[in-house]
Structures are given as structure tokens and as C-alpha cells.
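Before any comments, here is the structure.
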Amino acid sequence: MSSTVTLAQTPAADTSSYTAVDYAQPGDSVVFTLLPSDACGVVIASLTVDLLVVCDSVTVVNAAVPDAGTGMYSHSQTFTDEGICTVTMSATVGITYTTLATGTLYIAPTSVLVGSEYVHVSADYTTVSGIPVAMEAYEITLSLADLSGSVIQHNLSPLMGWDGGLGAVSWNADTYSYTLSGSICDGYQAAASFAASVNGVAVFSQAVSYPTVVSEA
Numbered sequence: 045m046s047s048t049v050t051l052a053q054t055p056a057a058d059t060s061s062y063t064a065v066d067y068a069q070p071g072d073s074v075v076f077t078l079l080p081s082d083a084c085g086v087v088i089a090s091l092t093v094d095l096l097v098v099c100d101s102v103t104v105v106n107a108a109v110p111d112a113g114t115g116m117y118s119h120s121q122t123f124t125d126e127g128i129c130t131v132t133m134s135a136t137v138g139i140t141y142t143t144l145a146t147g148t149l150y151i152a153p154t155s156v157l158v159g160s161e162y163v164h165v166s167a168d169y170t171t172v173s174g175i176p177v178a179m180e181a182y183e184i185t186l187s188l189a190d191l192s193g194s195v196i197q198h199n200l201s202p203l204m205g206w207d208g209g210l211g212a213v214s215w216n217a218d219t220y221s222y223t224l225s226g227s228i229c230d231g232y233q234a235a236a237s238f239a240a241s242v243n244g245v246a247v248f249s250q251a252v253s254y255p256t257v258v259s260e261a
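Numbering (my numbering), first residue to last: 45 to 261.
Okay, structure coming up:
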């Protein structure tokens, strides 16, 4: 007497393949792709695959991911806000839930390679103080921060200036900040904005106005 035994394919994290970028800018679309395989490396089609993306404790994606017909499961998502996101892709076979891939996605205006690691610059946490409100001398201070809100302790060579005319600033190694000094009377009386950038990407911008006071004869 003989019988047939059907072996169910069970996805395995070690052999499954996950692809997605780990850095994007606000407004970018990111494609998350999973190619689930069993312990023998055989791709499994027609699974129930879920994608969970949580950015700064806020759930951005919690969705089922369809099979494209080849055992490849993909989902495209546009991110509007900066933040640090944790990514989880999982599959369910019967009543068994298996996490197949995890990752981290950084959403930031710009990213700078420092040594062997990237520093992701946050516009939300970056601060600027000392922007003049009248026709006067100024000393403007810029503090760059990462996505966790920590001050970046490396000189990223940002630029600051008026109406798009950005220039180099002084690096203060003791305070991890940058300084721009001068006077509005140096030709900035008609300025409409002040900005700071890193790698050519704006991380701060503010409208300004300096009315000219005309004395009576």
C-alpha cells in the first residue's frame, strides 16, 4: 500500500530576498520588494504577504502586497514627511505567521557620507537663530541636526545667505554650530528670504523683510 505525501512550502527568512532603498527624500516613492523562498531556495507564489512601515511611531503602511505572478511581491509608497522608518515584510501560511525581512528607511532632505557612515540631515530639527529683524548688524547661528534630533558633530560645510546667494560659513568646533556675520546694510536691504543648505539642498528657509525708513527733510 502506498500513499502520497504533499509537502507544503514554508517561507524562510534566510533564503527570501528583500530589496528597497534605505534613504529617500520627502516626496520620493519607494518600492519595497520581497521574493519569498522556502528552505531549499524555491520561490513561493500565491502567498499572503504583508508590509508594515512605521515612521517615528506612526504607521504609514499596513497593507497586503499582491503577487505579480512570478512570486515577486512589490509595493510602492510615497513618503511626504522626514523620519526614521522601520520596515517589516511577512507572510502567512495557514495559521503560521513568519517575518521574512526587516529594514530601516531614512527619509531626510539630504544625506552626507562622513567616514564610512551616512549622516541624514533633518530640516525639522535644524535650528537657525540671530536672523536680523531690522537694518542692523547680525551674527546668525546654524545648528544642524539628524533625524533623531541630535546635533550633528561633524562639519558638513553648509551654506547660508539671502535670496539664493548662499555662501560659506564659519564652523565652531566647540559648539558644533556655524556662524554667518555681517550687516543688512551690506547690500541685503531688499532681501526677501534667508536660507541654509547642505549638499545643495535647503534645510532651512525663512521669509524676511527690511523696510527702508525714509527721514523727512
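Cβ atoms here follow ideal geometry from the backbone N, Cα and C, with glycine treated the same way.
Of the residues the options, the one placed nearest residue i, counting alpha carbons only
i: residue 107; options: 54, 89, 76; result: 76
i: residue 148; options: 132, 200, 217, 93; result: 132
i: residue 83; options: 56, 199, 238; result: 56
i: residue 152; options: 115, 203, 176, 70; result: 70
i: residue 30; options: 115, 146, 186, 144; result: Nothing can be reported for residue 30, as the shown portion of the chain is limited to 45 through 261.
i: residue 97; options: 192, 245, 184, 66; result: 66
i: residue 118; options: 103, 104, 142, 93; result: 93
i: residue 189; options: 205, 181, 219; result: 219
i: residue 267; options: 171, 136, 73; result: Beyond the ends of the chain as shown, which are 45 and 261, falls residue 267; an answer cannot be given.
i: residue 109; options: 135, 127, 124; result: 135
i: residue 207; options: 193, 234, 229, 225; result: 234
i: residue 62; options: 157, 161, 223, 145; result: 145
i: residue 125; options: 231, 113, 140, 100; result: 100
i: residue 154; options: 137, 127, 139; result: 127
i: residue 143; options: 203, 91, 237; result: 91
i: residue 73; options: 140, 53, 81, 105; result: 105
i: residue 195; options: 245, 113, 169, 58; result: 169
i: residue 88; options: 64, 95, 116, 102; result: 116
Assigned secondary structure, residue i (DSSP; H/G/I helix, E/B strand, else coil)
i: residue 230; result: helix
i: residue 80; result: strand
i: residue 261; result: The predicted position of residue 261 is uncertain, since its pLDDT is 49 and thus under 50; no value can be drawn from it.
i: residue 69; result: coil
i: residue 144; result: strand
i: residue 254; result: coil
i: residue 135; result: strand
i: residue 207; result: coil
i: residue 91; result: coil
i: residue 180; result: coil
i: residue 170; result: strand
i: residue 164; result: strand
i: residue 86; result: coil
Buried or exposed by the 16-neighbour rule on C-beta atoms within 10 Å, applied to residue i
i: residue 121; result: buried
i: residue 261; result: Note on residue 261: pLDDT 49, under 50, position unreliable in the model; the coordinate value appears next. It counts as exposed.
i: residue 253; result: exposed
i: residue 263; result: Since the displayed the chain opens at 45 and closes at 261, residue 263 lies outside it and no answer follows.
i: residue 205; result: buried
i: residue 164; result: buried
i: residue 217; result: exposed
i: residue 213; result: buried
i: residue 139; result: exposed
i: residue 157; result: exposed
Residues bridged to residue i [DSSP beta-bridge criterion]
i: residue 222; result: 186, 215
i: residue 111; result: 117
i: residue 99; result: 102, 129
i: residue 151; result: 68, 127
i: residue 59; result: In DSSP, residue 59 forms no bridge with anything.
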